[in-house]
Structures are given as structure tokens and as C-alpha cells.
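K.L.:
Protein sequences appear in the order of chains R and X.
Taken in order, the first sequence gives residues 1 to 142; the numbers are from UniProt numbering.
Taken in order, the second sequence gives residues 1 to 572; the numbers are from UniProt numbering.
For each residue, glycine too, the CB sits at the ideal point set by N, CA and C.
Only a predicted model underlies this, so the values are computations on that prediction, with no experimental measurement involved.
After the C-alpha cells below, expect a handful of questions from me.
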Amino acid sequence: MTRAVTIIGLLMTILIGAGTYWVSHEVERLEKRYGEIQSDILAEQESIHVLEAEWSYLNNPERIERLSKEYLSLAQIEVLQMASIDDLPSDSDMHQYRINKFGEAVAFMPTPRARPGERAYAEAAESMIIDAPSVAETGGVQ
Amino acid sequence: MSLTRFSYWLRGDRPELGPDQRERLALETARNRIFITGAMFIIGFCWITYGLVDASILRQGAEPALASGTDTRELKTERADIIDRNGMLLATDLPTNSLYADARVVKDPVESADQLLTVLPDLDRDTLIRHLSSQKAFVWLRRNLTPEQQYEVNSLGIPGLNFQREERRVYPHGRLFSHVLGFTDIDNNGIAGAEREFDNELRINNGPLQLSLDTRVQFALEEEVEKAMETYDAVGATGLVMDVYTGEVLGMTSLPNFDPHRPGQAPADARFNRSTLGVYEMGSVFKLFNTAIALETGTSTMNSVYDATEPLRVARFAIRDYRGENRWLTVPEIIVHSSNIGSARMAMAFGGETQQRYLRKLGMLDKPEIELPEVGGPLVPSPWREINTMTISFGHGLAVTPLQVVNGISTVVNGGIRRPSTILKQDGAPAGERVFSQKTSDQLRRLMRLVVTEGSGKKAEVAGYFLGGKTGTSEKLVNGRYVKNARMSTFVAAFPMQDPKYVVLVTLDEPKGTKETYGFATAGWVSAPAVGKVVTRIAPLLGIEPANAKAPEIEQALHIDLRKGERKLASF
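Put into C-alpha cells, the structure is as follows:
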């Protein structure tokens, strides 16, 4: 009985001792790792900081403008190129919209009202919308 | 008590008793001692167990799920960043390395200097040798090396040379914001512009400082102003864009500008902020304020007529019109034809005291309020004579900063409420002070629109944005005399006029006429087109939709009958 208690006690002491040592070692290791991660974070923050400055530098409007002039064939939007959907007449005439292949209504090239002697032009415009029937022709409600 | 007796007592033994009793006593003592010791251990273990249970089971609920480190470090630069209203970085600190020498360790100053010069050729050899042989523990050799230079210096392996990590202020947009941001000295102390004004806040570094400026607007403004300045060969130029409802400055440029990384190399003229420090007589732009005062005080209505048939003579002065109509003019006509005589007569009707009161309310007689150290106080006539009242009505005799004019025009068009100008981003409109009534503001909007549709500002017209403005050309005062061909040509405009959102000002200093302008260098020819171009570029950025010029509600809102007075005049 006594011997059993002694052995159990001894075992527990060893177990607890080893456990405590392991925990304290682990804590030490984690703390070291924590410190490393902290300094890594700091280093990352610093590079983010530098990259942010670079990003701002690369976003310099002067540079963007230069690149746009060099690589894009885009120009300043003219006021006349901007319109809102409200500007379109509500009784849209059949030549003003067509359905594209994705089923979206897109503005069609506005056809000038037929004047005497311009019949051919109007017909040509009409022929352009044959493969893609207009909203009015398909009877679609848009 | 002898030592022997004490020793017996200590053992719990009593020699006077018999051996049997002594034995029993010894056993009892031993048992008691073991019991007491055991009890102590039990108490101790219970205590530890309690602590263990308490720490591991009972307290668990109250503990945070995630351990919080006490030494969480965050990157803190020496000075806070400055960002624009959209969060674009305008100024930041970047780490660099600076080279210094511990001259006590340097072995051969001449040899070291020659080696160093192969990497940093722009250093002065004599100074370098003097520094290296100075026997001082710390001498700066070169601040802020590039990483490449640092590597090269390092690989020279000269003893006694060390690097000091430093931070350097960097402005990614270079010259674009030079006057607003200002600059710092080599030790990162703000010494001009916002850097100086907010020096303490930037040092404390509680997150970035957000300005009201917009990089895109600033660029469009600067580019157009610069183009105009080059085209008309002006010596300087100013551009401002302000939100009329909040007083926020969205763009502020003063040309020529400078590189904030090397402010020392720029001439003093380039470092001079013409928008806030320079005071100028703004010319006819003041007629808008004059008219607003007259309409507000009720001394004029839109249909009042004034005699502009001949120059107005006061004492030894004669007030003339630039291009005289030589007839009676209505208030809208005075604005459209920019009549000095008419404006002076309007000012006489309400008098100098009223004029001063309103100009003070508009902030024209005090230093402009803006978060910049470079502010110029206006040049106010003292005493304020009748002739001053008359000349100030058309913008002569009172010199103010362009910023004040923009703020004043914002007040006029936003419904009459004055809010201080600011370069800090605002949350909504700050509390303001009412100067003019909504009605006056409404009438002024129509008058300003009229200048662009009928008057001197036609070249600023941009279809769809309903610009309204006023030109102002004044001769420059040099040594107290007006110089005929040195002008300040200003155009200030608000848009869209049916519901003004922004005010734009462009001032050119001493523009010269070109063939395209038929030699004219007046505001209508040189500044107005620049404003128009600025508006074309910034309006889409600021989310202002171009309106249909034929929209009846806008036409009605801006309608004004220019000829009404003339008809009246006919029946006069």
C-alpha cells in the first residue's frame, strides 16, 4: 500500500516536473517566435509603406496621362458624348434600340428622319437591323 | 537550563522517566510530528490545487479568447502621412540611410576620401578630408543615400564609416502640391505649408492627415493653368477650386512652383504662394460683391438704371469704362459690360460704411482663414474715403488674396452663407454665417451666367455645365504707380449655375496677348478659356452631369432680361 502510494507519488512528481518544464520551454519558444513574427510584421508594414508610396507615385496623374497618350487611343470625354438615359425620348422609335446577341437593348445608330430623296439611306439603315430585330419588331417589352 | 536538558526537550525526551514510558513518549512525539508535517503538506497541496482549479477551470470564462501581446509594435513613422480626399498618399516618410564617420577610427583620411569620392563623386574633396581628419566621434558625410550608394560605400570597407537609419520626407507627386504641402528641412521639421501648420499633429502621428484636396482636380487645374501661363507668357499664375458649400479647397496651385524635395534650389519667387500669400487688386471681379451688396441692401434692384454716359470725376480722379457704352445702364448691363462708372454709382448709393461692413463679413478686410502659415493680410485703404468706396466697387484700391475672392464668390453663389476656407476634408457643410439672402444669391447667379452668355466671359463657356463668372483685369501697381501693360487677369467662375457646386479661379500675372487673342491680354481672352478647360476636365471627376442646354427648368432658373432696362430707358 505504502509502496504503491510512494511509486504513484514519485511518478506524478516526475510527470508534473517534466510537464512543467515542457510548458515553460514551450512558452519560451512561443515567445521567441512571437517576437520573430512581430519583427516580421514590422518589416512587412515597412515594405507596405514603401509600396504605398510607390503606388501613389505610379498613380501620378501626369504619368497616367502620358501612358494613356502612348498606349491608348482615348481622348478627353467631350460634354456631348455624355448623356443620361433620361435624355432619350420615351416614345423610342423602332430604330433607336436593337437587341444584341446577349439579349441586351443597345442604342442603335440614330437614323435621321427620312427626307425626300433620302429613302435609300433609310432603307439601308433598316437592312442593318434585320438579323437583330429591334425591340418593337420582336414585340418585346423593354 | 543546561544544553543537555535543552537537547532532551528538543527531542521531546524526558530522561527522568522510565525506559518504557520514554519509548512510548518518543513514538507519540514522532507520530505527532509526522501528523503535523503531513497536515501542513496537505494544506499546502490543497492550496496549490485550489489555485490550479481556479486558474484552469473557474477563471476560464473571464479570460480573453486571444492572448494580447503587450509588446505589439506598429510601424510608426517620424511624421504622419498626408493623404488627399480620396486617400491618395501626398507625403510620407521613407526610411533611408545616412553616412557618417567616426573620425577617431579613420586611419588615412586622404586615402579614405579618395575612395569615397569614387562612389559619391559630388562630395567636396577638401571638406571630406577635413571632416575625416577632424578627430570627432560623429561627422555627417552624406544624408539620405540611395540603397545602391549605401551598398557601394559599404563594399569599400573604409573603417570608421557608419550608417545611421533615418527617415526622409517624400512627396510622390513632386511639384504638384508644393505650395499646399510645403516642405520639411533635413531633420524632418515642417517649415512651410501644411507641413509647418500641422507640424505638431504630424509628429504625434495619430494616423494620416486628410486634406480636402483632390489629386485629379489639382492636376487638371495645374496643367491648364500652366498651359495658359506658357501660352500668354505670364510671369506667374494662380488656380483655385473650392466647394461652395463646405469651403473646402479641392485644388490650389501657384505657378511657378518648386520641387519640395529640394526647396532650397528654387528661387524665392517659386516658393511664394500666390493663392494665399500674394495680395492683388482683383479688378472687376469685385463688381459682383458690389452688386450683391447693392441688391441686398435694397439700394438697387435688377431694373435700376445708372448714368454711365461719361467718366465720373471725383476730386482729381476720373473713373472711366474700359470699353464705354456711354449710356444709362441697368444693373445686369453694368455687370455684362463691366462698367466701372455704373459700379461706382451703385457703391455711392449704399455708401462706404455699408461697403466696409459687407466686405468685412465677406472676409475681405481680414487675413484669410486657411490652415497654412503663408497667408497675406489684405491691403486696406486707411482712411476709407469716398474715392476708395468708388474704386473698391470695381476692385481697385483693395488688394486681397485670390483665396479670399474664391471664398467670397462661394458665399455669393451658395445662397449667401459664408464658411471659412479650409484645406482639411470636412464632414458635410460646417456652420456658416449668413451674409446675403437667398434672393440676392439667386440674382447674382443669373448675373454671373449672363457674363458668360453675353459678356466678357464668353470664352469660358462649356456646353452643358452652365458656367457663370466674372472677369477681372487690373493693372499692376509697381512702386505705387499703375503700369499699363502689366496686368493681373482673373476669371472666377462657378458651375453649374442653376445649382452652383464649385468655384474655379484662374489668375494670370502679366500675361501678354498673342496673335490668337488679337493682342489682348485681358481676363476674358486669357483666363476665361483656361477656366473653361479646367471645368471641362474636373466636372466629370466631381460627378457633375452635363445638363441639356435647352432644359426649360434651367433656362427659367437662369433667365434674365438684359434689355428690360433699355426699354424702360426708352420711356424714361
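Does the distance from the CB of Gln355/X to the CB of Ile293/X come in under 8 Å?
P.N.:
As a first step, residue 355/X is located in the second sequence; it is residue number 355 there, counting from the start. As a first step, residue 293/X is located in the second sequence; it is residue number 293 there, counting from the start. Yes, Cβ-Cβ distance for Gln355/X and Ile293/X is below 8 Å.
K.L.:
What does the Cβ neighbour count give for Phe45/X, buried or exposed, with the cut at 16 atoms within 10 Å?
P.N.:
As a working note, residue 45/X is residue 45 in the second sequence. By the neighbour-count rule (16 or more Cβ atoms within 10 Å), Phe45/X is not buried but exposed.
K.L.:
For my contact list, Glu148/X and Asn97/X are in at a C-beta cut-off of 8 Å; report their separation, rounded to the angstrom.
P.N.:
What you label residue 148/X is simply residue 148 of the second sequence in a count that begins at 1. What you label residue 97/X is simply residue 97 of the second sequence in a count that begins at 1. Actually they do not touch by this definition, with Cβ atoms about 11 Å apart.
K.L.:
Can you tell which of Ile83/X, Arg313/X, Tyr306/X has its C-alpha closest to the C-alpha of Pro332/X?
P.N.:
Taking the first residue of the second sequence as 1, we reach residue 332/X at position 332. Of the candidates Ile83/X, Arg313/X, Tyr306/X, the one whose C-alpha sits nearest the C-alpha of Pro332/X is Tyr306/X.
K.L.:
Mapping the DSSP letters down to three states, classify Gly377/X as helix, strand or coil.
P.N.:
Indexing the second sequence from 1 puts residue 377/X at position 377. Coil, per DSSP.
K.L.:
Establish whether the CB of Pro546/X and some CB of chain R are separated by less than 8 Å.
P.N.:
By one-based count along the second sequence, residue 546/X stands at place 546. Yes, Pro546/X counts as interfacial toward chain R.
K.L.:
Less than 8 Å between the C-beta atoms of Pro511/X and Tyr232/X, yes or no?
P.N.:
On the second sequence, residue 511/X is found 511 positions in, with the first residue counted as 1. On the second sequence, residue 232/X is found 232 positions in, with the first residue counted as 1. In contact: Pro511/X and Tyr232/X (Cβ atoms closer than 8 Å).
K.L.:
Ends of the beta strand (DSSP E) at Arg313/X?
P.N.:
Translated into the one-based positions of the second sequence, residue 313/X becomes position 313. Arg313/X -> beta strand (DSSP E) spans 312 to 314.
K.L.:
When DSSP builds the beta bridges, which residues end up paired with Met242/X?
P.N.:
Locating residue 242/X in the second sequence gives position 242, counting from the first residue. According to DSSP, Met242/X bridges with Val249/X, Val503/X.
K.L.:
So which residues of chain R does Ala463/X contact, with C-beta pairs closer than 8 Å?
P.N.:
Sequence index remark: in the second sequence, residue 463/X carries index 463 (1-based). Correct list: Val79, Leu80.
K.L.:
Rank Phe466/X, Val406/X, Asn388/X by C-alpha distance to the C-alpha of residue 589/X and give the top, closest one.
P.N.:
Residue 589/X lies beyond the residue range present for chain X, which begins at 1 and ends at 572; the question has no answer from this structure.
K.L.:
If the cut-off is 7 Å on Cβ atoms, which residues from the segment 9 to 33 of chain R count as contacting chain X, listed in chain order?
P.N.:
Of all residues in the segment 9 to 33 of chain R, none has a Cβ within less than 7 Å of some Cβ in chain X.
K.L.:
Going along the segment 85 to 100 of chain X in order, which residues come within less than 9 Å of chain R, judged by CB to CB distance?
P.N.:
Going along the segment 85 to 100 of chain X in chain order, one finds Met88, Leu89, Leu90, Thr92, Asp93, Leu94, Pro95 with a Cβ nearer than 9 Å to chain R.
K.L.:
Could one say the Cβ of Glu52/R lies closer than 8 Å to chain X's Cβ atoms, at least one of them?
P.N.:
Sequence index remark: in the first sequence, residue 52/R carries index 52 (1-based). Judged by the 8 Å Cβ criterion, Glu52/R is in contact with chain X.
K.L.:
Between the alpha carbons of Met12/R and Phe35/X, how many angstroms are there, rounded?
P.N.:
Your numbering for residue 12/R matches position 12 in the first sequence. Your numbering for residue 35/X matches position 35 in the second sequence. Near 22 Å, if we compare the C-alpha coordinates of Phe35/X and Met12/R.
K.L.:
On the DSSP letters alone, give me the boundaries of the beta strand (DSSP E) that Gln164/X sits inside.
P.N.:
Reading the second sequence from its first residue, position 164 is the one you call residue 164/X. Its beta strand (DSSP E) spans residues 161 to 170.
K.L.:
Give me the residue from Met229/X, Tyr245/X, Leu120/X with the minimum Cα distance to Ala528/X.
P.N.:
Stepping through the second sequence from its first residue, residue 528/X is reached at position 528. When each option's Cα is compared against that of Ala528/X, the closest is Met229/X.
K.L.:
By alpha-carbon positions, which one of Pro373/X, Arg313/X, Asp243/X, Val451/X ends up nearest to Ile335/X?
P.N.:
The count along the second sequence starts at 1 and reaches residue 335/X at position 335. Selected option, being the one with the closest Cα: Val451/X.
K.L.:
When you compare each of Thr522/X, Arg418/X, Glu555/X, Glu475/X to Pro430/X by their alpha carbons, which one comes out closest?
P.N.:
As a working mapping, residue 430/X is identified with position 430 in the second sequence. Closest by alpha carbon: Arg418/X.
K.L.:
Per DSSP, Val483/X is paired with what?
P.N.:
Locating residue 483/X in the second sequence gives position 483, where the first residue counts as 1. Note: Val483/X sits in a beta bridge opposite Lys476/X.
K.L.:
Classify Gly157/X: buried if its beta carbon has 16 or more other beta carbons within 10 angstroms, exposed otherwise.
P.N.:
The sequence position of residue 157/X within the second sequence is 157, counting from 1. Flag for Gly157/X reads exposed.
K.L.:
Can you tell me whether Lys136/X is helix, strand or coil according to DSSP?
P.N.:
On the second sequence, residue 136/X is found 136 positions in, with the first residue counted as 1. Lys136/X: coil per DSSP, three-state reduction.
K.L.:
Going straight from the alpha carbon of Met302/X to that of Gly464/X, what length do you get?
P.N.:
Sequence index remark: in the second sequence, residue 302/X carries index 302 (1-based). Sequence index remark: in the second sequence, residue 464/X carries index 464 (1-based). Cα to Cα, Met302/X sits roughly 26 Å from Gly464/X.
K.L.:
Rounded to a whole number of angstroms, what is the C-alpha to C-alpha distance between residue 574/X and Glu201/X?
P.N.:
Past the boundaries of the shown model lies residue 574/X; chain X is included only from 1 to 572, so the question cannot be answered.
K.L.:
Let's see if you can read the secondary structure: which residues bound the alpha helix (DSSP H) around Tyr306/X?
P.N.:
Here residue 306/X refers to the residue found at position 306 when the second sequence is read from its first residue. Element bounds for Tyr306/X: not the alpha helix (DSSP H) but the beta strand (DSSP E), 305 to 307.
K.L.:
What residues in the segment 205 to 226 of chain X have a beta carbon less than 7 Å from any beta carbon of chain R?
P.N.:
Result list: Thr215, Arg216, Phe219.
K.L.:
With a CB to CB cut of under 6 Å and the five nearest residues on each side skipped, what residues in its chain are close to Trp525/X?
P.N.:
In the second sequence, the residue the question calls residue 525/X occupies position 525. Within the same chain, Trp525/X has close Cβ partners Thr517.
K.L.:
Rank Thr507/X, Ser133/X, Val244/X, Pro378/X by C-alpha distance to the C-alpha of Lys107/X and give the top, closest one.
P.N.:
Here residue 107/X corresponds to residue number 107 of the second sequence, with the count starting at 1. Of the listed residues, the one whose Cα sits closest to Lys107/X is Ser133/X.
K.L.:
Decide if the segment 48 to 67 of chain R is in contact with the segment 432 to 442 of chain X; the criterion is three or more beta carbon pairs, one per stretch, under 8 Å apart.
P.N.:
The segment 48 to 67 of chain R is not in contact with the segment 432 to 442 of chain X.
K.L.:
Considering only their Cβ atoms, is the gap separating Leu42/R from Leu89/X smaller than 8 Å?
P.N.:
Against the second sequence, residue 89/X aligns to sequence position 89. Against the first sequence, residue 42/R aligns to sequence position 42. Cβ atoms of Leu89/X and Leu42/R: not closer than 8 Å.
K.L.:
Against chain R, with Cβ distances strictly below 8 Å, would His337/X count as a contact?
P.N.:
Within the second sequence, numbered from 1, the residue matching residue 337/X stands at position 337. By this cut-off, His337/X is not an interface position.
K.L.:
Can you name the residues that DSSP bridges to Pro95/X?
P.N.:
Along the second sequence, one-based indexing puts residue 95/X at 95. Answer by DSSP bridge pairing, in chain order: Glu167/X.
K.L.:
In its own chain, which residues sit with a C-beta less than 6 Å from the C-beta of Arg113/R, not counting the 5 before and 5 after it?
P.N.:
Here residue 113/R refers to the residue found at position 113 when the first sequence is read from its first residue. Note that Arg113/R scores 49 on pLDDT, short of 50, meaning its location in the model is unreliable; the coordinates nonetheless yield the value given after this. Contacts found: none.
K.L.:
For Glu224/X, collect the residues of the same chain with a Cβ closer than 6 Å to its Cβ; drop the 5 residues on either side in sequence, then sort them by chain order.
P.N.:
The residue given as residue 224/X occupies position 224 in the second sequence. Cβ neighbours of Glu224/X beyond the five flanking positions: Ala530, Lys533, Val534.
K.L.:
Hey, how far is the Cα of Asn485/X from the Cα of Glu374/X?
P.N.:
Walking along the second sequence from the start, residue 485/X turns up at place 485. Walking along the second sequence from the start, residue 374/X turns up at place 374. Each residue's alpha carbon lies about 28 Å from the other.
K.L.:
Restricting to runs no shorter than 3 residues, where is the beta strand (DSSP E) found entirely within the segment 400 to 426 of chain X?
P.N.:
Complete beta strand (DSSP E) runs here, min 3: none at all.
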